[in-house]
Ligand code: AMP
């Protein structure tokens, strides 16, 4: 595999698959630019070497070809602003209103070192998501080098994320800086973990996390289970859980996971107590109860104080920490204490030298919301992609480049 940082991009036209799938409001203003910011270091390195950059991305889920709402042209001013922050010379950003075709080819051709071209939404062509080879080949014509820096779509075998790689020679395809750090953080946790290794798994449903837990049973020393899914495990062990979230069709799965963990010597930690509520509401009455003895008519919406202490001890003793999923309904102030306390414990363990990775939608939102994002070792930008990675799957976007070594 060619290493991005060691490559000199002077006079090369570099085609980068980025993930610019950002949220826009009614006025087409970007409401969260995290994904664009995440790609800036890769783009700047290439421009700094004296190369030019052609960016391709999807935005939203357009159904019927070109649609104003999903046009990437809305991103140009902000991209230009970010690229020019701290730049010595002006970085022009051009836009092609089709990702393939004459205009795109001509603009790419005329691009000079230090210039950037953003292509229109790849998903205006249904061929993109189908992983169409001919379409991938048309995209490949735009650049001399192909870079995948779109970790958020690495789990998709789309034309621009995976298929396209076959049209570039070995030394002309590589990961960008964002992709490199996502992959190396995930590798550190899954394949080079220092023990004790705790996986903190939370969120609503057991069914969404079975594959992750199974994969982690092979690697972790401890698994903390919190959030709504903990109650299916409680009930599976004969506990009384009142109206708490429960997947009755997964009770056997939960028993099976506990049995497997026992056999492998992996310690599963369930919350000893819970903050309970008389309804699923921000203003519900609340109280505390043992998680395996919740009164009828009440439901567990957060882990309790004893559970916080129990989980914090495990986290503080760990050298590797993986966190996916909140410990409670953290969107409601009354039920966010557990998630906040776990974020704090992860930050403290990190300060003591543990490696911590937070990945997957809601736990990422939680560390951002509670101000711990820069106190953990790595916060992943890829929700679905990181989940599939944790499940032990090979991601097509990664395989397409890695397996070409
Ligand atoms: P997931 O997408 O599976 O990670 O689940 C995240 C969602 O789980 C969040 O919206 C939380 O509000 C929700 N959640 C966490 N704990 C509970 C709970 N005890 N009961 C109901 N929902 C919960």
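Numbering (our numbering), first residue to last: 996 to 1400.
Each residue gets a CB set at the ideal place from its N, CA and C atoms; glycine is no exception.
Would residue i and residue j qualify as a contact pair, given that the criterion is a beta-carbon distance under 8 Å?
| i | j | result |
| --- | --- | --- |
| residue 1264 | residue 1298 | no |
| residue 1271 | residue 1323 | no |
| residue 1045 | residue 1008 | no |
| residue 1401 | residue 1184 | This structure does not reach residue 1401, given that the chain is present from 996 up to 1400, and the question cannot be answered. |
| residue 1016 | residue 1053 | yes |
| residue 1115 | residue 1155 | no |
| residue 1118 | residue 1057 | yes |
| residue 1188 | residue 1373 | no |
| residue 1249 | residue 1277 | no |
| residue 1225 | residue 1164 | no |
| residue 1089 | residue 1112 | yes |
| residue 1337 | residue 1208 | no |
| residue 1121 | residue 1139 | no |
| residue 1221 | residue 1333 | yes |
| residue 1193 | residue 1359 | no |
For residue i, which residues from the same chain have a beta carbon less than 8 Å from its beta carbon, with the 5 sequence-adjacent residues on both sides left out?
| i | result |
| --- | --- |
| residue 999 | 1037, 1040, 1142, 1169, 1170, 1171, 1172 and 1175 |
| residue 1212 | 1218, 1252, 1255, 1256, 1259 and 1261 |
| residue 1147 | 1014, 1016, 1030, 1376, 1377, 1378, 1379 and 1380 |
| residue 1028 | 1017, 1073 and 1077 |
| residue 1346 | 1370 |
| residue 1190 | 1216, 1314 and 1315 |
On the premise that residue j lies in contact with residue i, defined as a C-beta separation below 8 Å, what is that separation, rounded to the nearest angstrom?
| i | j | result |
| --- | --- | --- |
| residue 1365 | residue 1335 | 5 Å |
| residue 1240 | residue 1223 | 4 Å |
| residue 1307 | residue 1340 | 4 Å |
| residue 1292 | residue 1286 | Residue 1292 to residue 1286, Cβ: 16 Å. No contact. |
| residue 1109 | residue 1158 | Not quite, the Cβ-Cβ distance comes to about 30 Å (not below 8 Å), so this is no contact. |
| residue 1392 | residue 1145 | 7 Å |
| residue 1079 | residue 1071 | About 12 Å; that fails the 8 Å criterion. |
| residue 1342 | residue 1367 | 5 Å |
Here's a check: name, in chain order, each residue in its chain whose Cβ is nearer than 7 Å to the Cβ of residue i, leaving out the five neighbours to either side.
| i | result |
| --- | --- |
| residue 996 | Note that residue 996 scores 44 on pLDDT, short of 50, meaning its location in the model is unreliable and no value can be drawn from it. |
| residue 1245 | 1201, 1202 and 1227 |
| residue 1379 | 1150 |
| residue 1357 | 1198, 1320 and 1321 |
| residue 1289 | 1235, 1236, 1237, 1239, 1269, 1271 and 1295 |
| residue 1003 | 1044 |
| residue 1099 | 1091, 1093, 1114 and 1137 |
| residue 1160 | 1141, 1168, 1395, 1396 and 1399 |
| residue 952 | Outside the shown range of the chain, which is 996 to 1400, sits residue 952, and nothing can be said about it. |
| residue 1229 | 1236, 1265, 1286 and 1287 |
Given the structure, does residue i come close to the ligand AMP, in the sense that its CB is under 7 Å from one of the ligand's heavy atoms?
| i | result |
| --- | --- |
| residue 1370 | no |
| residue 1160 | no |
| residue 1458 | The question about residue 1458 has no answer, for the chain in this structure spans 996 to 1400. |
| residue 1284 | no |
| residue 1326 | yes |
| residue 1021 | no |
| residue 1323 | yes |
| residue 1336 | no |
| residue 1320 | yes |
| residue 1200 | yes |
| residue 1211 | no |
| residue 1276 | no |
| residue 1240 | yes |
| residue 1357 | yes |
| residue 1317 | no |
| residue 1296 | yes |
| residue 1377 | no |
| residue 1299 | no |
| residue 1222 | yes |
| residue 1055 | no |
Please work out which residues of its chain come closer than 6 Å, Cβ to Cβ, to residue i, disregarding the five sequence neighbours upstream and downstream, and give them in chain order.
| i | result |
| --- | --- |
| residue 1206 | 1386 |
| residue 1137 | 1010, 1049 and 1103 |
| residue 1065 | 1054, 1055, 1057 and 1116 |
Given a threshold of 16 other Cβ atoms within 10 Å of its Cβ, counted over all protein chains shown, does residue i qualify as buried or as exposed?
| i | result |
| --- | --- |
| residue 1186 | exposed |
| residue 1043 | exposed |
| residue 1059 | exposed |
| residue 1012 | buried |
| residue 1214 | buried |
| residue 1384 | buried |
| residue 1129 | exposed |
| residue 1082 | exposed |
| residue 1331 | buried |
| residue 1204 | buried |
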